[in-house]
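K.L.:
The listed protein sequences correspond, in order, to chains G and E. Residue 465, in the numbering used here, is where the first sequence stops; the numbers in between run on with no holes. Residue 465, in the numbering used here, is where the second sequence stops; the numbers in between run on with no holes. Think of the CB as a built atom: it goes at the ideal place given N, C-alpha and C, for glycine as much as any other residue. The model shown is predicted, which means the values in this text are computed figures rather than measured ones. First, the structure itself, so that you have it in front of you.
2 protein chains.
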Amino acid sequence: MTTEEDNTVFVGNKPVMNYVLAVVTQFNNGAETVSIKARGKAISRAVDTTEIAISRFLQNVEKRQITTMTEVVDTENGKTNVSCIEIVLGNRVHLSESPR
Amino acid sequence: MTTEEDNTVFVGNKPVMNYVLAVVTQFNNGAETVSIKARGKAISRAVDTTEIAISRFLQNVEKRQITTMTEVVDTENGKTNVSCIEIVLGNRVHLSESPR
Chain G
366 MTTEEDNTVF VGNKPVMNYV LAVVTQFNNG AETVSIKARG KAISRAVDTT
416 EIAISRFLQN VEKRQITTMT EVVDTENGKT NVSCIEIVLG NRVHLSESPR
Chain E
366 MTTEEDNTVF VGNKPVMNYV LAVVTQFNNG AETVSIKARG KAISRAVDTT
416 EIAISRFLQN VEKRQITTMT EVVDTENGKT NVSCIEIVLG NRVHLSESPR
């Protein structure tokens, strides 16, 4: 049983393989899509997570959509803008399609 | 006169506003599209560049396409994989369209 929320991996400051494992596990548990999200400096690690998961572990998964956005967060020094990324991975529908 | 190559901004380790200025300048010089590229840890800064340029300076520009990929680079310790991002910005065709 997976809900929409279960299928999201939030990438932070841990080693990248932690997040790769989380993504791979969700697909192995039957998820159709997994959303990888990150903010600020962790954005690079979210892209690493995606690239490693797809190239090494999930041959039948493709990048469905990549979006970036700005969120406003409260800090000690007031409100500040932070960049965010969301990368949606999904099972390849047609195995014969060329990889993106 | 702008060639394809002119319309690319490579984001590295300089302050983000340097790259924002480069993007804004290219659009002000008549570019229809500008491609923002970065590798490794600079990926976060490329997203920052995009978000700042669009939200503060280029109201008629939208994100056209975001792609991530893996490149193999030679280092002192042999070949290694590095994640890359390319964000293509372009002039909004229909001003009445809702922003993405």
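1. What residue from G:Leu423, G:Val374, G:Thr432 and G:Val376 has the CA that sits closest to Glu427 (chain E)'s CA?
2. With H, G and I counted as helix, E and B as strand and the rest as coil, what does DSSP make of Val426 (chain G)?
3. For Glu416 (chain G), return the contacting residues in chain E, with the cut-off set at a CB-CB distance below 8 Å.
4. Expressed to the nearest angstrom, what Euclidean distance is found between the alpha-carbon atoms of Tyr384 (chain E) and Asn372 (chain E)?
5. Can the beta-carbon of Val376 (chain E) be found less than 8 Å from the beta-carbon of Arg410 (chain E)?
6. Closest to Leu423 (chain E) by CA distance: which of E:Glu436, E:Lys379 and E:Asn394 is it?
7. Quick one: is Thr440 (chain G) buried, meaning 16 or more other Cβ sit within 10 Å of its Cβ, or exposed?
8. Which class does Ala403 (chain E) belong to by DSSP, given the choice of helix, strand or coil?
9. Return helix, strand or coil for Glu397 (chain E), following the three-state DSSP convention.
10. Taking the C-alpha atoms as reference points, what is the distance between Cys449 (chain G) and Thr435 (chain E)?
11. Between which residues of its own chain and Thr367 (chain E) is the CB-CB distance below 6 Å, once the five residues before and five after are set aside?
12. With respect to the beta strand (DSSP E) encompassing Ser448 (chain E), which residues constitute its N-terminal and C-terminal limits?
13. Note down, in chain order, each residue of its chain lying with its Cβ closer than 8 Å to the Cβ of Asn381 (chain E), except the 5 sequence neighbours on either side.
14. Between the alpha carbons of Asn472 (chain G) and Ile452 (chain G), how many angstroms are there, rounded?
15. In chain order, what residues of the same chain lie with their CB nearer than 7 Å to the CB of Gln430 (chain G), ignoring the 5 residues before and after it?
16. Have a look at the DSSP bridge pairing and note the partners of Val376 (chain G).
17. Please list the residues of the segment 391 to 422 of chain E that have a C-beta atom closer than 7 Å to any C-beta atom in chain G, keeping them in chain order.
18. Would Val438 (chain G) be called buried (16 or more neighbouring beta carbons within 10 Å of its own) or exposed?
19. Consult DSSP for Met382 (chain G) and reduce its assignment to one of helix, strand or coil.
P.N.:
A quick look at the data gives this:
1. Indexing the second sequence from 1 puts residue 427 (chain E) at position 62. Comparing Cα-Cα distances from Glu427 (chain E) to each of G:Leu423, G:Val374, G:Thr432 and G:Val376, the minimum goes to G:Thr432.
2. Counting from 1 along the first sequence, the entry for residue 426 (chain G) is found at position 61. Of the three classes helix, strand and coil, the one that applies to Val426 (chain G) here is strand, per DSSP.
3. If you number the first sequence from 1, residue 416 (chain G) lands on position 51. Within chain E, the residues near Glu416 (chain G) are Thr433, Met434, Thr435, Asn446 and Ser448.
4. The residue you call residue 384 (chain E) lines up with position 19 of the second sequence. The residue you call residue 372 (chain E) lines up with position 7 of the second sequence. Whole-angstrom Cα-Cα distance: 12 Å.
5. Position 11 of the second sequence, counting from 1, holds the residue named residue 376 (chain E). Position 45 of the second sequence, counting from 1, holds the residue named residue 410 (chain E). Yes; because the gap between Cβ atoms is below 8 Å, this pair is in contact.
6. Against the second sequence, residue 423 (chain E) aligns to sequence position 58. Ranking the options by Cα distance to Leu423 (chain E), first place goes to E:Asn394.
7. As a first step, residue 440 (chain G) must be located in the first sequence, where it is residue number 75. Counting Cβ neighbours within 10 Å, Thr440 (chain G) comes out exposed, since fewer than 16 surround it.
8. The residue given as residue 403 (chain E) occupies position 38 in the second sequence. Here Ala403 (chain E) sits in strand by DSSP.
9. Your numbering for residue 397 (chain E) matches position 32 in the second sequence. Coil, per DSSP.
10. The residue given as residue 449 (chain G) occupies position 84 in the first sequence. The residue given as residue 435 (chain E) occupies position 70 in the second sequence. Distance between the alpha carbons of Cys449 (chain G) and Thr435 (chain E): 20 Å.
11. Within the second sequence, residue 367 (chain E) is the residue found at index 2, counting from 1. Residue confidence is low: Thr367 (chain E) scores 45 on pLDDT, short of 50, so the model does not pin down where it sits. Its coordinate-derived value is still stated next. Contacts found: Ala396.
12. As a working mapping, residue 448 (chain E) is identified with position 83 in the second sequence. For Ser448 (chain E), the enclosing beta strand (DSSP E) stretches over residues Gly443 to Asn456.
13. Here residue 381 (chain E) is taken as the residue at index 16 of the second sequence, counted from 1. Checking the sequence shown, residue 381 (chain E) turns out to be Val, not Asn. Same-chain partners within the cutoff: Arg410, Asp413, Thr414 and Ile417.
14. Past the edges of chain G, shown from 366 to 465, lies residue 472 (chain G), and the structure says nothing about it.
15. Position 65 of the first sequence holds residue 430 (chain G). Counting only Cβ-Cβ distances below 7 Å, and skipping sequence neighbours, we find Val453.
16. Sequence index remark: in the first sequence, residue 376 (chain G) carries index 11 (1-based). DSSP lists G:Ala403 as partners of Val376 (chain G).
17. Gly405, Lys406, Ile408, Ser409, Val412, Asp413, Thr415, Glu416 and Ser420
18. Here the question's residue 438 (chain G) lines up with position 73 in the first sequence. Under this definition Val438 (chain G) is an exposed residue.
19. Mapped onto the first sequence, residue 382 (chain G) falls at position 17. Looking at Met382 (chain G) - three-state DSSP - the assignment turns out to be helix.
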